[in-house]
Structures are given as C-alpha cells and as structure tokens.
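Quick mapping for you: the protein sequence lines, in order, are chains R and D. Counting in the numbering used here, the first sequence runs from 1 upward without gaps. Counting in the numbering used here, the second sequence runs from 491 upward without gaps. I have placed the structure first, in the form of structure tokens, so that the comments after it can refer back to it.
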Amino acid sequence: MFAFFISSGLFLGWSLGANDASNVFGTAVGARMIRFKTAAIYCSIFIILGSVISGAGASHTLGKLGAVNAVAGAFIVAFAAGISVYLMTKARYPVSTSQAIVGAIIGWNLFSGSLTDYNSLAKIVGTWVVCPIISAIIAIGLYKVVVFSIRVLKPHMLTLDAMTRFGLLLVGAFGSYSLGANNIANVMGVFVPVSPFSDISLFGLVKFSSAQQLFLIGGIAIAVGVFTYSKRVMETVGEGIVSLSPVAAFAVVSAHSIVLFLFASQGLEGFLSNHGLPTIPLVPVSSSQAIVGAVIGVGLLKGGSSIRWRLFGGISSGWVVTPIIAAAVSFISLFFLQNVFEQETFRPVRYQITGAALERIDQAGIAVGGMKKLQHRNYSTASRFNDRVAGIKGLKREDRKFIFSSAEINHTRITPDRIDALPIGTHGVTEKQKTHLKKLEGRTFSHNWQLHNALVDISPYWQLSTGANERNQEVTRELAHLYKWFRHDQ
Amino acid sequence: MEFNILRKKLIIGRQIDDFLDKVSESGLMFKQGMDAYLKANKVSFKRKIEEIADTEHQGDALRRSVEEQLYMKTLIPESRGDVLKLFESMDSLLDRFKGVLWQFEIEQPEILPEFNEDFKELVLCVVETVEAIVRSSRAFFVNVFSVSDHIHKVSYWETQSDKISTKLQKNIFKCQELRLSQKLQLRDLVRHVDKIADRAEDVADKLSIYIIKRSL
C-alpha cells in the first residue's frame, strides 16, 4: 500500500527532474557545450548523492511546518503539490515545487486541525524572497572575478572553451548535488514521518537511515525525470538564455548552485553555529528562481537593458499564488479521500491538560492560574486547543510551545512483547537501550515527555543537551520512534 | 573528455596559427611577385606565382581541417560560425593575392616606369592592410581584448590604399602616351589590387562584431 501512496511523491520527483535539471545543465546543453547524455548522467548521479547525503536539513524544516502523520495524507500532500505545479506550468507561471509543497502542507494542517508553525512559515517565505536576491549578488561577484581572471590570464579562445566546458560540468555536478540536497525535501519530506523503512547499517560503517532510503527512491525518481523529459526543456532553456555567454552562464549556474547549497547544508549550519555566527535557515528554495535571480544579476551588471522585468512579477506572484492553489487542492482532495474513500488522511493528535501536565507547566515557571479551567478537558485537534490557550493572557510564544508539548496526549504502554519485537539497529536502538526499556515494563504513559523523563531517570543517555547538535537529533529520532512503537490507542 | 579536448585544442590551435601564417606569407609573396613584374624579372615573377599557388593549396587544406574539427569536436560552439566565416574571408584574401598575380601573368600589361613607384606603394599599403587583419585575427584567438590594438590599422592602410589608387588612376588617364585600351586595362588592374584592401577592411568590420559577441 505504501508503494501506491508514495507514487504521488515519485510523480513530483519526476516533474522536478524534468523541469529543474534544465536550470543546472540547460545552458551548457542548449549551447552544445556538453552533450545531453553526459549532462544527464552527471546530473542524475549527483542529484541522488545530494538527496541521500545532505537531504535531511531542508526536510527537517518542512517537517516543522507540519508533520503529516498518515500515509494517505502524505500521498495527497505530494499529489496536490504535483497537480499545482502541473497547472501552473500549463498557465506559464514560473512555478516551484518548494512553494507548492509548502502550500499543500498548510492545506493538510488546516484539514487536520494541526497548527501551522508560523515561525517556520515566515522563515520559509522569507527565504524565498531572499533567495533570488542572494543569487543575483553571488552571480555578480562571480562574474566579475571570472572576467577579471580572463583579462589577466588571457587564455587562448580554445583554452577558454575547454576551461568553460570543464567549469560548466563541474558547477553542473555541484548544482545537481545542491538541487538534490535542497529539493528532495519537497519530493519525499512529507513521507519521512510515515516511512515504513528501518535503518540499515552497511558493514557496520555507514548508517543508512529510513529517511535516506526514502530520499534514495526520490532521487531516483528525479533522475528518471532528467533522463526521460528534461532534454527538450534543456534545449529550450539553452536557446532562451543564449544571449548569455558561456562565461556568464558559468557564473549564473555557480550562483544558483551555491545558493541551493547554502540553504541545504547542515555542515555549514553546524560550522556557523559552533563559531557563534548567525545560521542560514535550511529551507527548500526554488531552483528556477535562483537561476532567474542570477541571470538578472548578470543582466544588471551589463546595463540592465536585456532584462525581462515581467519575470519579476511572475516570480513574486509565484510566492503567493502557488501555495494558495496547492493548499486549496490539498484541502479539497483530503476531504474527498477522507469522506468518500474513507482513508485515514491524518492521525488525530489530542490534547489534554492532565494533572501531570499542569504540574510540569507549573514547574517550568509558567502561571497556571488561567489553565486550571481547561484541566481534564479533551481537545481533539491542535487548533481547538490553541483557541483555548490563546485566550489565556500573559503567555509568551515559548510558553505556549511548552504547554502544547506538555498537553499532547500519546498513550504508550511498555509491554514485554513490544520490547522483544523492537528490532535492534533500527533508529539506533541498541541492546543496552532495550535493557532501559525493560526496566519500564508494564508502565503506561499519557504524554511523550513522561516516557522520556522515565528513560532519563534510568540512564543519562536519554538526556538532551542544550542547543542543536547531532547527538540531540539522534536521541530525538530514537525517542520519536519509541513513542510510535509503544503507542497504544485507548 | 576534457583532457581529450585540451589535446585537440593544441592541434587546432597550431593549425589556426599555420593558416594565418599562410595568409601573411601570401601577402609577402604578392609583394615580391609585383616587384619582380615591375622589374620585368619574368623568372622570379613565375616562381612567385607558383609559390603563391602552393601556399593557397596549403591554406585551403588547413582551413578545411580546422573547420571540420571545430564541427566534429563541437568546439567553441558559441563562436564557431563566426570563426568559420572569418576563415573563409581570410582565405578569399589569399585567393585574391594569387588572382591578381595571375591577372598580370595573363594580361601582361605594359607599365610605364613613371607608374612604378605608385604601384609599389599601392602594393605595400595593400599588404600592410592584410598584415593588420592577420594580426587582428590572431589576437581574436589569443587575447580578444588586444584586437583593438591592431584593428584600427586595417582602416588606416585601407584609406592609404584608396588614396594611392585614386592618384594612380588619375595619372594613368592623364598620361598621353597610353591608348585608351591600355588605360582601361591598367585601371582595372589597379582596382583589382585595391580591392584586396577593401575586402580586408570588410573582414575587419565583421571581426569587430564577433568581438562584441564574445565580450563575455
């Protein structure tokens, strides 16, 4: 069944490969600097590598925006995004899968009554606006550096030609890697929370997480798109930007690749945060808009007469229109799937301020006076609970977040048969961690944090440190798996 | 793939240089041939005609080889068409040098000694025009930013050629010793020689556009 549900994601991947590969290799292939076959092979390999190795960063941000928790829901979200991309492309709007998927997730949030994290949404939308601008700035800088170097080095026309080809191939490979890393989140991100795969360890050396396995499938779908349909698009793009010299094309593709990489690199984020520098949000951005931004940058440098300003309007409308259409398609389709085909499109997340939750909130120093009247009442969706919590005065954003995490209901029961059935090696669960769970045998918990606290009492391994780091991410992932594994619906 | 291109690039680069050498050499042979004709040194004149015909053959072979390789190896795709047109135009200059010498050989015009200096000067200017366009073309391949250092000289020498050609034609028609038929014959020959400079200037005009197109 999962294979069927994932098909919409694969369709989205295919269309991404068919359209966006042209941003990376279009100019080179269109100008016949690189053969299509060579470009397609390099493009596919590096997209898959980028997806699998660096795909997690941007996908995490999408997960924060809305964690689609039922596979049928994920199917519709990817389907709505795919349909929106298709419709907008037909209407000749410069559309992006990133914008479509965000809209579709918001559609799911609205339908399921989940809360949209406006903080993440603002971060994502802000990045879309900033992305073409950064791309333009980088393109201008790179172009100036390259032209200066050519003036100084004075290469023979044929040497310059060979160097440009090599450069285009190199940045094409880098661009493909970045495209895979940044945009795989659009294709497969929504399926990550509902993935049926288990982690695989290759010879005990390389860990291949369930998300990475999904990304590999998504990457292959993108590669199929590149091979089957991108040739025509590449040739059209090449002709369309033919007024760009190959050197300018090199600067444009490099700028695009750098921008996509910046918004996808967890390594860079870690480096910046370790050195106390402001981090770059890991957000799926639009490859087409990064390219157009870079082209406009180089165009401005040359006097700006050749710029098609109408494109600007198209891009800005894409920021608004695409998510709205995708959200509408997503909402309507979810309604049909849920009510006509009777598929579970979301798993309801309930909230209740239990005595334990109230105590936890109190201990955190949050005034609980206004919350007492909500105690022991059941709220079937996050948005209903939010309506009540919003009525309580004097709460800060962080307080509200804490109240939500404290009140979320997830009944878990640690039974011996579930402990025995828990496969070793998946999501990092070791034999030792199993012994921790055995100590909790027979216990039940209403909230996830209760199970977490119980584990912390047994072993400091489960203690989360402050700040974002790799160990925290790993423990969080393991905990999320345990919450799901021991879930016991009452 | 890229290393292969680099190796091919070396071969084609050498062939391009060789071809431009041939055009330049043909100018020098033309000058020597004309000098020999004016000195009525028939043996030397004949030898120059043979040499220039040989050079033209070699030039043709080089041009074809470069054209073929540029297309087969899809090199410099954005400027390939321009390079081919440039080569064909340069080759036509080489043909014209040979053609004018043959014209003299066929028609054997009688040139009065009083016109010798003007003829020599005209030939010198034409050869300099072609030499300037050869240097400009070489710069186009090697360092596109330095083409402007040479290309303005093409116009200069072409204007000089025009002036001498006009002066020479006037003097020919003023001359009482020549029949009208001889005057017309000499006028045509002067025009043929001057035409080479005109064509070289046409090539320079095209080259200026190619440079704009390659201005990164």
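Note that CB positions come from ideal geometry on N, CA and C, so glycine has one too.
Ranking 683/D, 529/D, 549/D by CA distance to the CA of residue 602/D puts 529/D first.
When the Cα atoms are used, residue 365/R and residue 394/R turn out to be separated by approximately 13 Å.
Look at residue 487/R here: in three-state DSSP terms it is strand.
Cβ atoms of residue 183/R and residue 284/R come within 8 Å of each other, at about 6 Å. The three-state secondary structure of residue 252/R, taken from DSSP, is helix. A Cβ of chain D is located within less than 9 Å of the beta carbon of residue 158/R.
At least one C-beta of chain D is nearer than 9 Å to the C-beta of residue 32/R. Residue 509/D has a beta carbon lying at 9 Å or more from every beta carbon in chain R. Measuring C-alpha to C-alpha distances from residue 217/R to each of 47/R, 129/R, 43/R identifies 47/R as the nearest. Restricting attention to alpha helix (DSSP H) runs no shorter than 4 residues, the segment 310-377 of chain R encloses them at 310-339, 355-363, ordered along the chain.
Exposed is the label assigned to residue 362/R, since fewer than 16 other Cβ atoms lie within 10 Å of its Cβ. Residue 162/R has a beta carbon lying within less than 9 Å of a beta carbon in chain D. Note: residue 110/R is not bridge-paired with any residue in the DSSP secondary-structure output. When the beta-carbon positions are compared, residue 407/R and residue 354/R come within less than 9 Å of each other.
At a cut-off of 9 Å, the C-beta of residue 575/D has no neighbouring C-beta in chain R. Bridge pairing for residue 206/R: 202/R [DSSP]. Using beta-carbon distances, residue 245/R counts as an interface residue toward chain D, with a partner under 9 Å. Around the beta carbon of residue 502/D, a 10 Å sphere encloses 16 or more other beta carbons of the protein chains shown; the residue is thus reported as buried. Between the beta-carbon of residue 701/D and that of residue 630/D there is about 7 Å, and that keeps the pair under the 8 Å contact cut.
The criterion of a C-beta distance shorter than 9 Å is satisfied by residue 539/D and residue 595/D. In summary, residue 165/R is buried, with 16 or more beta-carbon neighbours lying within 10 Å of its beta-carbon over all protein chains present. Contacts with chain D at 9 Å (Cβ-Cβ) do not include residue 487/R.
Under the 9 Å criterion on CB atoms, residue 232/R is classed as non-interfacial with respect to chain D. Nearest CB-CB separation between residue 37/R and chain D: not below the 9 Å threshold.
Taking 7 Å as the upper bound on Cβ-Cβ separation, chain R lies near no residue of the segment 675-687 of chain D.
Nearest in C-alpha terms to residue 212/R, of all of 430/R, 195/R, 224/R, is 195/R. Here DSSP, grouped into helix, strand and coil, assigns residue 414/R to coil.
Take residue 343/R, set aside five residues on each side of it, and the residues of its chain with a beta-carbon closer than 6 Å to its own are 72, 337, in chain order. The Cβ neighbour count for residue 547/D, taken over all protein chains shown within 10 Å, is under 16; the residue is labelled exposed.
Judged by DSSP secondary structure, residue 541/D falls within the alpha helix (DSSP H) whose first and last residues are 532-562. The criterion of a C-beta distance shorter than 9 Å is satisfied by residue 520/D and residue 616/D.
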